[in-house]
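Trainee: Below: one structure in structure tokens.
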Amino acid sequence: QVTRAARRLPALQIPTRPTGITGVYDVTPDWAPVYDRTDRDGFYVAIGTSGNQFKNAPLVGQLMAELIRAVEDGHDHDARPVQHRGRRTGLDLDLGAFSRLRPLDRSVTSVLG
1008 QVTRAARRLP ALQIPTRPTG ITGVYDVTPD WAPVYDRTDR DGFYVAIGTS
1058 GNQFKNAPLV GQLMAELIRA VEDGHDHDAR PVQHRGRRTG LDLDLGAFSR
1108 LRPLDRSVTS VLG
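Numbering-wise (this note's numbering), the sequence shown opens with residue 1008 and increments by one.
Given below as structure tokens:
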């Protein structure tokens, strides 16, 4: 793939020795994502998935929009976490499960739970 890319983009060049890139593995200690406000007013995060939650992005967008709307309207999400009602299931999802303040489940050691 590198050779094909270098043919199309000569500035890339073909490497003459093995190289690599390292990065941060974006997960929380209990492998559960954080969808929450932060201590800085107006700053919200959807983090800690290390990419494995990409398939949930549409729902996470809805959760974050609901959370942001509630907090910006004065709701104390830390004291009473926002509840999201599923459009198709009618079931409530407690967003406190994704809080930055939640107790960590130390028994979980991988994304598989």
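A virtual CB, placed ideally from N, CA and C, is assigned to each residue, including glycine.
For the pair the segment 1102 to 1114 and the segment 1037 to 1044, tell me if three or more CB-CB distances fall below 8 Å.
Mentor: yes
Trainee: Assuming contact is defined by CB atoms lying nearer than 8 Å, are Leu1070 and His1084 in contact in what I supplied?
Mentor: As a position in the sequence shown, residue 1070 is number 63, starting the count at 1. As a position in the sequence shown, residue 1084 is number 77, starting the count at 1. Their beta carbons are not under 8 Å apart, which means Leu1070 does not touch His1084 by this criterion.
Trainee: Please name the residue in Pro1025, Thr1010, Val1041, Gly1097 whose C-alpha comes closest to that of Pro1110.
Mentor: Walking along the sequence shown from the start, residue 1110 turns up at place 103. Measuring C-alpha to C-alpha distances from Pro1110 to each of Pro1025, Thr1010, Val1041, Gly1097 identifies Val1041 as the nearest.
Trainee: Could you tell me the alpha carbon to alpha carbon distance between Leu1019 and Phe1050, rounded to whole angstroms?
Mentor: Here residue 1019 refers to the residue found at position 12 when the sequence shown is read from its first residue. Here residue 1050 refers to the residue found at position 43 when the sequence shown is read from its first residue. Looking at the two C-alpha atoms, the distance is approximately 37 Å.
Trainee: To the nearest angstrom, how far is the alpha carbon of Pro1025 from that of Ile1054?
Mentor: As a position in the sequence shown, residue 1025 is number 18, starting the count at 1. As a position in the sequence shown, residue 1054 is number 47, starting the count at 1. So the two alpha carbons sit approximately 31 Å from each other.
Trainee: Classify Thr1010: buried if its beta carbon has 16 or more other beta carbons within 10 angstroms, exposed otherwise.
Mentor: As a working mapping, residue 1010 is identified with position 3 in the sequence shown. So Thr1010 ends up on the exposed side.
Trainee: Can you say whether Ala1077 is buried or exposed, counting buried as having 16 or more other CB atoms within 10 angstroms of its CB?
Mentor: Reading the sequence shown from its first residue, position 70 is the one you call residue 1077. That one is buried.
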